[in-house]
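Numbering of the sequence shown is given in our numbering, commencing with residue 7 and proceeding in unit increments.
By construction, the Cβ of each residue, glycine as well, lies at the ideal position given by its N, Cα and C atoms.
In this text, all values refer to a predicted model and were calculated from it rather than measured experimentally.
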Amino acid sequence: RPSSAWGRLAQGGLAQERSGVRVLASTAGHSCRSLYVYYCGQYGTHPNSELVRTLTDEVDHFNLDSLALRDNLVGDRGLLPVLEVCRANPRLRELVLPNNSIRTRGVEWIVDLCLKHPSLQALDLSQNKHITLPAAPMVQALVQNNR
């Protein structure tokens, strides 16, 4: 039986945030880097220079296996374009986000993505000191619904 956290995620989560954004119908003609920069503009955030350097600029190459963004303090809002890059990489298996000033709202968006992503298996949210107790049921919903 789905938990109340699962129901809340199914009804809102990342989809709510995306409702005010011009979501690309296709990634054709884009790279991971250009997609990230595009969504930074859509979400009103500044591109993280370390992530811009890390992401490939090879057009139509969305085959990331792992995305590691450590110690960049992107915060919740800056996380949104990162999650768009994750969504565009169907083979992504690992998302590593320690020490990025992620809060409970960001955890909600991450869990929402994880529940819908076809291959994501590992998530590291360590050292995000602003994640509070209300995030626990969301993470529990992720663990319980892990395929």
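Counted as a single uninterrupted DSSP element, the alpha helix (DSSP H) harbouring D118 occupies residues T110 to K122. Within the same chain, and ignoring the five residues on either side of S72 in sequence, the residues whose Cβ sits closer than 6 Å to its Cβ are E100. If you look at D130, you'll find it isn't in any alpha helix (DSSP H); it sits in the beta strand (DSSP E) that goes A128 to D130. Only residues of its own chain outside the window of five on either side were considered, and among them D82 and H136 have a CB closer than 6 Å to the CB of R109, listed in chain order.
With a 10 Å radius around the Cβ and a threshold of 16 neighbouring Cβ atoms, G47 comes out exposed. Counting only unbroken stretches of 4 or more residues, the alpha helix (DSSP H) elements lying wholly within the segment 34-108 are 38-49, 55-60 and 81-94, in sequence order.
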